[in-house]
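Only one structure is covered here, and it is reproduced in the block below.
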Amino acid sequence: MMELGILPSTYRTGIAINMENVNSIEDEFHVRLTEPVDLDELCNPDGRGSEFEVVLPEAPEEKQYFDEEDVFKHLNYEVNNVDGSDSEDDNQTPFDSIAKKMFSVIGDGSVMKRVKRVGSGEVIPKAYTATIHYEGYVEYCDVPFDSTRLRGKTQKIRLGEGQVILGLEVAVGTMRKGEKSDFLIQHQYAYGPMGVPPRIPGNATVLFVVELLNYSDTPLVPDMDTWSAERRKDATFEEILDIANAYRKAGNDAFNGDENGHKRISKAASQYIKAIRLLENARLANQSEEDEMKRVLLKLYLNLALCDIKQGQCPRALSNCIKALEIDPQNIKAMYRRGQALWHSNEFDKGRHWILKAQKLNPKDAHIQAELRKLDRKKAEMDQLHKATYQRMFASANSTSKSSDVAKEAKTKDKQKKCTPEAQDLLQTKLKEFIKDDVLTEMPFALDTLTSAETEYLQQAALEMGLEVRTLHQNSDKYLKILKPKPEAEQ
């Protein structure tokens, strides 16, 4: 039996034609013959008729929805009953065999479940947003009709909002975080009597393999890119605010990290920026809307400033802290993070000033006290490094009374000297503390404060510790910037 889509280009057949209906037949269809027909023989009632060949149009190639190599990795042989065991009942279908290993999650058995990997924690609460991977199959077809893994992107669904077929929503609502299960869903909970031709026949029971990766109470963010210009223009402040808050909560989820503790700082920052842009461009109708906008913007500026500090973007962090203080001049977090941004830029005195202002409003805050101790320790290290540098500079200046030949010889010898053990210990200590610091991502050194030997030692030591080294030019100054490598999750 030939399958659709692979008919040959020519097909030989015999056709008996009633000549009384020739005109009506001609009106209904046309075919092209490879050779002329002998009409006399065809019209002769005592003849054998006429045998001829018609040319059919090329059948279109079947549409390839996914890459063939990737599809091969996701074939499900069980839907063809290819599992190494033969059923005793010849009338039993593959889905019948699978259903015997399942239990019903709905009273009428319209949705059946089989747990393949047990999850942890509580069952996903109602109205939460689930992040899932899934693959869907119809019976006797081991190729998935849909697959998030083949699309290379997870699916987010908000339970109770009808974003997917009812059976899949019911299925996800029974799962725990990390769980992977199979679900057989009958047509009334799937694609109904019509199906989705050509991939899903009508009245088809479907098999879904679902993995619940995570869930949260963060609402899904509406895709404003699909909105028309008129729709955007007519958007109310309440709609804009809801979307901005959804972006903010998505940023919080990314910042807090997944179940393995992997934080996505860059992702969080991008969500906060989207929310800020929406609110900063929102049209306000009254003072109440302006107050609400400022309340949410304050949270966003502070969150983004924290992301900036962790990514070493201290100038941008400082800018966001200033914006936050414009909304609330007495905000302790804004003062504290402004101080962090300043001293991480080596402006220790200014940083101390703002952290002390925060401490004055909240004297017992342990984080503020710890930050001041960290600031003082870093400043002391920098002062010690500068002091050692200045001592060498003054020692060199005292030798200028010698003759020029002697000075040149001394300078040559100085360049040939190795980095002193004291300087090595100081630089090693500074690099090790930089690695342990969870906030700093980069550390600059002014090259005019280091000898060539110290610069060379610093570069070599940083590279041996797995750090990155860059030389930067800013106006007439040169800097050596030491950076931490980015985690793979944030690259």
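The numbering of the sequence shown is full-length UniProt numbering, which starts it at 1 and goes up by one. Yeah, the Cβ is synthetic: ideal placement off N, Cα and C, and Gly gets one too.
Got a sec, what are the start and stop residues for the beta strand (DSSP E) residue i sits in?
i           : result
residue 129 : 129–138
residue 215 : 206–216
residue 185 : 180–185
residue 442 : 442–446
residue 121 : 120–123
residue 156 : 155–158
residue 55  : 51–55
Which residues mark the beginning and the end of the alpha helix (DSSP H) in which residue i is found?
i           : result
residue 113 : Element bounds for residue 113: not the alpha helix (DSSP H) but the beta strand (DSSP E), 111–117.
residue 243 : 237–256
residue 351 : 348–361
residue 96  : 94–99
residue 320 : 314–327
residue 431 : 421–436
residue 34  : Looking at the DSSP string, residue 34 is not in any alpha helix (DSSP H), and its letter there is neither H nor E.
residue 141 : Looking at the DSSP string, residue 141 is not in any alpha helix (DSSP H), and its letter there is neither H nor E.
residue 41  : 39–43
List the whole-angstrom C-beta distance separating residue i from residue j, where the pair is believed to meet the contact cut-off of C-beta under 8 Å.
i           : j           : result
residue 262 : residue 149 : Actually they do not touch by this definition, with Cβ atoms about 20 Å apart.
residue 177 : residue 215 : 6 Å
residue 337 : residue 285 : So it is not a contact: roughly 32 Å between Cβ atoms.
residue 132 : residue 212 : 6 Å
residue 454 : residue 480 : 10 Å between Cβ atoms; not a contact.
residue 139 : residue 103 : Going by Cβ atoms, the distance from residue 139 to residue 103 rounds to 20 Å, so no, they are not a contact pair.
residue 237 : residue 282 : 6 Å
residue 196 : residue 143 : Contact flag wrong, Cβ pair sits at about 15 Å.
For residue i and residue j, what's the separation of their Cα atoms in angstroms?
i           : j           : result
residue 183 : residue 229 : 41 Å
residue 26  : residue 169 : Only weak support is given to the placement of residue 26: the predicted model assigns it a pLDDT of 41, under 50, and the question is left unresolved by the model.
residue 118 : residue 173 : 15 Å
residue 280 : residue 227 : 19 Å
residue 415 : residue 451 : Here the model assigns residue 415 a pLDDT of 47, short of 50, so the residue's position is not dependable, and the following value carries that caveat. About 8 Å.
residue 312 : residue 341 : 9 Å
residue 249 : residue 218 : 6 Å
residue 80  : residue 126 : 35 Å
residue 317 : residue 135 : 43 Å
residue 332 : residue 350 : 16 Å
residue 105 : residue 247 : 34 Å
residue 485 : residue 267 : 17 Å
residue 146 : residue 137 : 8 Å
residue 362 : residue 324 : 18 Å
Closest to residue i by CA distance: which of the options is it?
i           : options            : result
residue 116 : 179, 141, 305, 204 : 179
residue 459 : 430, 440, 437      : 430
residue 108 : 122, 470, 141, 187 : 187
residue 425 : 200, 457, 447      : 457
residue 346 : 138, 442, 95       : 442
residue 273 : 359, 252, 292, 192 : 252
residue 242 : 211, 296, 255      : 296
residue 36  : 47, 55, 46, 45     : 55
residue 205 : 141, 124, 237, 268 : 141
residue 310 : 192, 360, 255      : 255
residue 298 : 329, 283, 287      : 329
residue 303 : 210, 43, 320, 163  : 320
residue 161 : 325, 130, 32, 469  : 130
residue 464 : 101, 185, 483, 194 : 483
In three-state DSSP terms, what is residue i?
i           : result
residue 168 : helix
residue 416 : In this prediction, residue 416 has a pLDDT of 48, which is less than 50 and means its spatial position is unreliable; what the coordinates show is noted afterwards. Helix at residue 416.
residue 403 : Its pLDDT being 46, under 50, residue 403 is placed unreliably in this model, and the coordinates cannot settle the point.
residue 299 : helix
residue 266 : helix
residue 232 : helix
residue 48  : coil
residue 372 : helix
residue 75  : coil
residue 499 : With the chain covering 1 to 491 only, the question about residue 499 has no answer from this structure.
residue 494 : No answer is possible for residue 494: the residues shown for the chain start at 1 and end at 491.
residue 480 : strand
residue 21  : With a pLDDT of only 41 at residue 21, under the threshold of 50, the placement of this residue in the model should not be trusted, and no figure is reported.
residue 345 : coil
residue 463 : helix
residue 26  : Any reading at residue 26 is ruled out, since the residue's pLDDT is 41, under 50, leaving its predicted position unreliable.
residue 149 : helix
residue 495 : Because the chain in this structure spans residues 1 to 491, residue 495 falls outside the shown range and cannot be described.
residue 106 : coil
residue 273 : helix
residue 410 : Low confidence applies to residue 410: its pLDDT is 49, below 50, so where it sits in the model is not reliable enough to give any reading.
Taking 7 Å as the line, does the beta carbon of residue i fall inside it for any heavy atom of the ligand GTP?
i           : result
residue 330 : Of the ligands one can find in the structure shown there are none, so the ligand GTP has no counterpart to examine.
Spell out whether any CB of chain B is found under 8 Å from the CB atom of residue i.
i          : result
residue 91 : As a matter of chain content, chain B is missing from the structure shown, which is built from one protein chain.
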